[in-house]
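Student: In the UniProt record's numbering, the protein residues as written are 1 to 342.
Even glycine gets a Cβ: it sits at the ideal position worked out from N, Cα and C.
Take a look at the structure:
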């Protein structure tokens, strides 16, 4: 069975997670197609073993070696599937880098993903997290996806409602966690295209440049510039992007906090609740630039934790817990980490 599968043993996952944390995978299988997933399911040894699905590793804090079989998703492919009156439908293999898909869409004249430029990770991981940035979430552009069931080897196709998208959440973090491998994702890019500019940093760019009707490419360039200024490049400094979710509070909670801290950055949500800026709270507690062991808080953005050299997962977790404690002590808010801690 193994002949057709790329199976490796004793693989250090340091190059495969953006935080560059050392951790050994006992067994790693590279998945290039749905057929590869089925081969794993049918294999007498691999089929029965617990599985760990690895995409771009941009949302992981690895604190220990991984005994389950690591399925490293590398399914390729980018294509325009259909041009409808109301939308373009684009399909991407789960192993493609998300930013490569966004760039490809720009080059092909298929606007609609530009606000989500430069989000780290793979296409297959995008629905798991329901990634989002600058006013758009994946669910706003989602058509459907294919996934292979790790028990039966059958391919299932799910639409947006079935994926149960929520803020940085989906069915794949809940009922289907670790039970399916996403292989292909289809996105729906609405026609005619309309710019999404209702975000402070983009409004600032419009004001600075005087470009009131920017093209999709212009927005893409702005988003890339804003993200590069705020977030470290994982190729240069190990990190997992935003480390904590922005907490959502009731209007009453928000009022209480504003009375104590009038400066706190907060955004109204469509449902009447408020989203608080976790980075602002961490900064207010004096964490920016601080270090625990080899793990630190990024100087330019307190929401980002970084690897200052040879950090280990345990140091990152220790730092994150210390930040959570001090934010809770001051604001009475418990910050939730965005990355998955293994």
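1. Is the segment 99 to 114 touching the segment 151 to 160 in the sense that three or more CB pairs, one from each, lie closer than 8 Å?
2. Which first and last residues belong to the alpha helix (DSSP H) in which residue 328 is found?
3. What does a CB cutoff of less than 8 Å around residue 95 pick up in its chain, not counting 5 residues either side in sequence?
4. Quick one: what's residue 88 bridged to in DSSP?
5. Name the residue from 25, 120, 174 whose alpha carbon lies nearest to the alpha carbon of residue 232.
6. Quick one, are the C-beta atoms of residue 314 and residue 18 less than 8 Å apart?
7. Are the CB atoms of residue 87 and residue 69 within a distance shorter than 8 Å?
8. Going by other Cβ atoms of all chains shown within 10 Å of its Cβ, with 16 needed for buried, is residue 15 buried or exposed?
9. Among residues of its own chain, excluding the 5 on either side of residue 352, which ones have a beta-carbon nearer than 7 Å to its beta-carbon?
10. Are the segment 310 to 328 and the segment 291 to 298 touching, with three or more C-beta to C-beta distances below 8 Å?
11. If you measure between the beta carbons of residue 4 and residue 38, is that distance less than 8 Å?
12. Per DSSP, residue 9 is paired with what?
13. Roughly how many angstroms lie between the CA atoms of residue 333 and residue 327, to the nearest whole one?
14. Can you grab the Cα-Cα spacing for the pair residue 166 / residue 179, in whole Å?
15. Express the C-alpha separation of residue 47 and residue 319 in angstroms, rounding to a whole number.
16. Report yes if the C-beta distance between residue 118 and residue 223 is below 8 Å; otherwise report no.
17. Does DSSP put residue 103 in a helix, a strand or coil?
18. Taking the CB atoms as reference points, tell me whether residue 185 and residue 145 lie closer together than 8 Å.
Tutor: So, from the data block:
1. no
2. Translated into positions along the chain shown, residue 328 becomes position 328. Residues 313 to 331.
3. Taking the chain shown and counting its residues from 1, one reaches residue 95 at position 95. The answer, listed in chain order, is 31, 32, 55, 73, 74, 75, 76, 122, 123, 124.
4. Position 88 of the chain shown, counted from the start, is the residue given in the question as residue 88. Its beta-bridge partners are 83, 189.
5. In the chain shown, the residue the question calls residue 232 occupies position 232. That would be 120, whose Cα lies nearest to the Cα of residue 232.
6. Residue numbering aside, residue 314 sits at position 314 when the chain shown is read from its first letter. Residue numbering aside, residue 18 sits at position 18 when the chain shown is read from its first letter. Not a contact, by the Cβ cut-off of 8 Å.
7. The sequence position of residue 69 within the chain shown is 69, counting from 1. The sequence position of residue 87 within the chain shown is 87, counting from 1. No, the pair does not count as a contact, with Cβ atoms beyond the cut-off.
8. Translated into the one-based positions of the chain shown, residue 15 becomes position 15. The residue in question, residue 15, is exposed, as its Cβ has fewer than 16 Cβ neighbours within 10 Å.
9. The shown model of the chain, from 1 to 342, leaves out residue 352, and the question about it has no answer.
10. yes
11. Locating residue 4 in the chain shown gives position 4, counting from the first residue. Locating residue 38 in the chain shown gives position 38, counting from the first residue. No, the pair does not count as a contact, with Cβ atoms beyond the cut-off.
12. The residue given as residue 9 occupies position 9 in the chain shown. DSSP output for residue 9 lists 27 as bridge partner(s).
13. Here residue 333 is taken as the residue at index 333 of the chain shown, counted from 1. Here residue 327 is taken as the residue at index 327 of the chain shown, counted from 1. For residue 333 and residue 327, the distance between alpha carbons rounds to 7 Å.
14. For this step, residue 166 is matched to residue 166 along the chain shown. For this step, residue 179 is matched to residue 179 along the chain shown. Rounded to whole angstroms, residue 166 to residue 179 spans 19 Å at the Cα level.
15. On the chain shown, position 319 is the one that residue 319 refers to. On the chain shown, position 47 is the one that residue 47 refers to. Rounded to whole angstroms, residue 319 to residue 47 spans 37 Å at the Cα level.
16. Translated into positions along the chain shown, residue 118 becomes position 118. Translated into positions along the chain shown, residue 223 becomes position 223. Yes. Within cutoff.
17. Along the chain shown, read from residue 1 onward, the residue named residue 103 stands at position 103. Looking at residue 103 - three-state DSSP - the assignment turns out to be helix.
18. Taking the first residue of the chain shown as position 1, residue 185 is located at position 185. Taking the first residue of the chain shown as position 1, residue 145 is located at position 145. In this structure, residue 145 lies closer than 8 Å to residue 185 by Cβ.
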